[in-house]
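Below you'll find the structure, written out as structure tokens, and then a few comments.
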Amino acid sequence: MRIALFEPEIAGNVGAILRLGACLGAAVDLIEPMGFVWNDRRVRRAAMDYIDHVSVTRHPGFDAFKATTGSRRLVLFTTKSTQSAYDFRYEADDILLFGKESAGVPTSVADVCHARVRIPLRPEVRSLNLATSASLALGEALRQTRTLPG
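If you read the sequence shown in the numbering used here, its first letter stands for residue 7, the second for the next number, and so on.
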């Protein structure tokens, strides 16, 4: 299982997701450009020493990232989907893709994804924080595929 972040904008979110990947055994792909300098101390502060326990791959753009995915499914988490992330059936080698905090992903990226799912929310709210979304998504995907650590 991998988490891919499309053009993330907030260093703290990336740091928290790196820590999530380290704790649950998921590699993280960062699709540039990012909205902060990679050596930003805020990434390290959020990830703490867990950054040394996660596999991180940086890609110069979406096309470069897509070229590395092979036959693995891209599962896009988006507020624009009607399919619940809890009704979707994950596979152990899925890549869970999340868009940038301010705008998600462009249509050209969404169109090449194998599935689009949504984390169900109350109707009066718009979306969750990126790191919170990734946590819920990864936890459910690992639970379904029986690949939770420990």
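Cβ atoms here follow ideal geometry from the backbone N, Cα and C, with glycine treated the same way.
Asked                                                                                                                                                                       : Found
Output needed for Asp-137: all residues of its chain with C-beta closer than 6 angstroms, excluding positions within five of it in sequence on either side, in chain order. : Note on identity: in this sequence residue 137 is Ala, with Asp being the wrong assignment. If we look at Ala-137 and ignore the five residues flanking it on each side, its Cβ neighbours are Asn-19, Ala-22, Ile-23.
Alpha carbon to alpha carbon, what distance is there between Leu-26 and Asn-45?                                                                                             : 19 angstroms
By Cβ distance, which residues of its chain are closer than 8 angstroms to Ser-108, with the 5 residues on each side in sequence left out?                                  : Glu-15
What do you get for Ala-147, buried or exposed, if any count of 16 or more other CB atoms within 10 angstroms of its CB means buried?                                       : buried
Can you name the start and end residues of the beta strand (DSSP E) that Thr-138 belongs to?                                                                                : Not the beta strand (DSSP E): Thr-138 falls in the alpha helix (DSSP H), residues 136 to 150.
Whole-angstrom Cβ separation of Val-60 and Ala-28, contact assumed at under 8 angstroms?                                                                                    : 4 angstroms
With three or more C-beta pairs closer than 8 angstroms as the rule, is the segment 81 to 91 touching the segment 60 to 69?                                                 : no
Among Asp-58, Pro-112, Val-123, whose alpha-carbon lies nearest the alpha-carbon of Ile-101?                                                                                : Val-123
Are Leu-134 and Leu-142 close, meaning C-beta to C-beta below 9 angstroms?                                                                                                  : yes
Measure the C-alpha to C-alpha separation of Phe-104 and Phe-42 and round it to an integer number of angstroms.                                                             : 17 angstroms
Pull the bridge partners of Lys-106 from the DSSP assignment, please.                                                                                                       : Gly-110
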